[in-house]
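Numbering (my numbering) for the sequence shown: 467 to 796. Quick reminder that beta carbons are idealized off the backbone N, C-alpha and C, glycines included. As the structure is a prediction and not an experimental result, all values here were calculated from the model. Before any comments, here is the structure.
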Amino acid sequence: MQILSKQDLILSGVVFVIALLLMAVPLKWTSLITTPFSMRTFGIRKIKRWHSRTDTLGNLMLWISLIFCIGFPWIPYSPLIFLFWLTFSWLCAVSRAVRMTAVRSRPIKLQVIFLINMLYGVAILSGFGLYNNYVLWVRSYEFANIVAHGEALEPMLYLSNSAPAAYLVQVLILALPMMNLWGQFKYMRLENTFKAANMFTYWMKSILVIGLSALLAIFGGEGLHLIYQHQETLPIYSIVPMKRQDIEVADPNAQQPAADPNAQPVDPSAQSTDPNAQSENPVADPNALLTDPNVDPNVQPVDPNTAPVDPIVDPNAVDPGLDPNAIEGV
Numbered sequence: 467m468q469i470l471s472k473q474d475l476i477l478s479g480v481v482f483v484i485a486l487l488l489m490a491v492p493l494k495w496t497s498l499i500t501t502p503f504s505m506r507t508f509g510i511r512k513i514k515r516w517h518s519r520t521d522t523l524g525n526l527m528l529w530i531s532l533i534f535c536i537g538f539p540w541i542p543y544s545p546l547i548f549l550f551w552l553t554f555s556w557l558c559a560v561s562r563a564v565r566m567t568a569v570r571s572r573p574i575k576l577q578v579i580f581l582i583n584m585l586y587g588v589a590i591l592s593g594f595g596l597y598n599n600y601v602l603w604v605r606s607y608e609f610a611n612i613v614a615h616g617e618a619l620e621p622m623l624y625l626s627n628s629a630p631a632a633y634l635v636q637v638l639i640l641a642l643p644m645m646n647l648w649g650q651f652k653y654m655r656l657e658n659t660f661k662a663a664n665m666f667t668y669w670m671k672s673i674l675v676i677g678l679s680a681l682l683a684i685f686g687g688e689g690l691h692l693i694y695q696h697q698e699t700l701p702i703y704s705i706v707p708m709k710r711q712d713i714e715v716a717d718p719n720a721q722q723p724a725a726d727p728n729a730q731p732v733d734p735s736a737q738s739t740d741p742n743a744q745s746e747n748p749v750a751d752p753n754a755l756l757t758d759p760n761v762d763p764n765v766q767p768v769d770p771n772t773a774p775v776d777p778i779v780d781p782n783a784v785d786p787g788l789d790p791n792a793i794e795g796v
C-alpha cells in the first residue's frame with residue numbers, strides 16, 4: 467500500500483493554498499457575499515418550558531444531510547448533488563462565522579473561516595472520489611445493485627465481497643464534513659461563537675475531522691482491497707459514475723466492442739425473396755460421402771474381386787518361343 471501519491475499531495479496543496487488566499491478577502495466582503503446564506507433568525511424558536519432556544523432549520527438541514535449520506539447510492543446524480551449540497555453547507559457555515567457577535571477578535575474569525583475552508587476543500591477531494599479514483603463510489607453502487615437484486619441477506623456476501631464495507635466507508639466520508647458544517651452553523655446561530663471551549667480545542671477538532679476524512683478516502687479503497695485479499699490489482703476509474711446503472715460503463719474491465727457506424731441494422735426476421743439465392747452458411751448433406759481431394763473424380767474405382775490386369779501384356783497372345791504341341795507330349 468502506497469503512503470501518498472503525487473496526485474494526492476498536489477491536490478492537498480492546492481486546497482491549502484486556496485484556503486489561505488480566501489483569508490485575504492476582507493471580512494466585510496465575505497459578510498456581504500454570504501448574506502443570503504446566513505438565514506438570519508429564520509427557524510430559531512424559543513422553548514419557554516426550558517427557557518432555551520432551538521434551531522429548527524439547523525436540525526432539518528442535519529437530517530437532510532444524514533438521509534442523503536445514507537441513501538446516496540440509490541439517488542441519481544448523487545455526486546453532483548453532493549457537490550451542490552456541500553457548497554451550500556460551506557457558504558452557510560462561513561456566513562455565520564463572519565457574524566459571530568460574541569467573538570470580537572478578527573484573527574480568531576479568520577482562523578475559524580480558514581479551518582472551515584480547509585474542511586470544505588478536503589471534503590470535495592475525499593467525498594467526490596479524487597483521492598481514490600472513484601473506487602469507493604463504484605463499490606457503493608455495486609452494493610446498491612446487490613440490494614436491488616435481493617442478495618443483501620446472504621451472510622457470506624459480507625465476508626467475500628468488499629462492496630458493503632466500501633459503502634460504509636463512503637457514508638462516513640460524506641457524513642463527517644457535512645454534519646460538522648451544519649453542526650457549526652447551528653451552534654453559531656444559537657451561541658454566536660465557534661463550537662469549542664477555546665481556539666486550541668477548535669483546531670484539534672477541525673484537524674481530526676479533516677484528517678479522518680482524508681485518511682478514509684486515501685486508504686479506504688486499498689485497505690479494503692488488502693483485507694478481502696482480492697487477487698486482481700485495484701482498478702483505476704477515469705470518471706465518476708452518476709448512478710448505479712452506470713457501473714458497467716465506468717468499469718475499465720468491462721470493454722464492449724466498438725460498433726461500426728456505417729453498418730446497417732439487420733432484421734433477423736427478414737427472409738430472402740430470391741428462390742435461387744443460396745445461404746451464406748450452407749448446411750452440409752449428412753448422406754454425402756467423404757471424398758479425397760487428391761483423387762481424380764473421372765477415374766472409375768477398381769472392383770476388388772477382379773484380378774489385376776497388366777495393361778501392357780495381352781492375355782490372348784501366345785509366347786512365340788514355346789510350341790503348344792510339345793507341351794502335350796511332355
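Counted within 10 angstroms of its Cβ, other Cβ atoms place residue i as buried (16 or more) or exposed
| i | result |
| --- | --- |
| residue 496 | buried |
| residue 707 | buried |
| residue 471 | exposed |
| residue 642 | buried |
| residue 684 | buried |
| residue 490 | exposed |
| residue 564 | buried |
Pairwise C-alpha distance: residue j and residue i
| i | j | result |
| --- | --- | --- |
| residue 713 | residue 544 | 14 angstroms |
| residue 540 | residue 635 | 16 angstroms |
| residue 515 | residue 657 | 19 angstroms |
| residue 797 | residue 594 | The displayed coordinates of the chain run from 467 to 796. Any statement about residue 797 would go beyond what the structure contains. |
| residue 477 | residue 600 | 15 angstroms |
| residue 551 | residue 605 | 22 angstroms |
| residue 622 | residue 568 | 55 angstroms |
| residue 535 | residue 711 | 19 angstroms |
| residue 482 | residue 488 | 10 angstroms |
| residue 677 | residue 494 | 30 angstroms |
| residue 475 | residue 596 | 12 angstroms |
Residue interval of the beta strand (DSSP E) (run including residue i)
| i | result |
| --- | --- |
| residue 522 | From DSSP, residue 522 is part of no beta strand (DSSP E) but of the alpha helix (DSSP H) over 522-537. |
| residue 511 | 510-513 |
Among the options, the one whose alpha carbon lies nearest that of residue i
| i | options | result |
| --- | --- | --- |
| residue 585 | 485, 526 and 630 | 485 |
| residue 673 | 581, 614 and 608 | 581 |
| residue 480 | 557, 583, 663 and 505 | 583 |
| residue 473 | 556, 572, 598 and 503 | 598 |
| residue 524 | 571, 604 and 559 | 559 |
Unbroken alpha helix (DSSP H) run spanning residue i, endpoints
| i | result |
| --- | --- |
| residue 472 | 472-489 |
| residue 652 | 629-657 |
| residue 564 | 544-564 |
| residue 670 | 665-693 |
| residue 540 | Here residue 540 belongs to no alpha helix (DSSP H), and DSSP marks it neither H nor E. |
| residue 608 | 601-614 |
| residue 577 | 572-594 |
| residue 494 | 493-499 |
| residue 625 | 623-626 |
Segment contact, 8 angstroms Cβ cut-off, at least three pairs: the stretch 641-648 with the stretch 584-603: The stretch 641-648 makes contact with the stretch 584-603: 3 or more CB pairs, one atom from each, lie closer than 8 angstroms.
The stretch 515-523 in contact with the stretch 605-622 per 3-pair CB rule at 8 angstroms: No, they do not touch.
Any 3 or more C-beta pairs closer than 8 angstroms across the stretch 492-509 and the stretch 623-640: Segments in contact, no.
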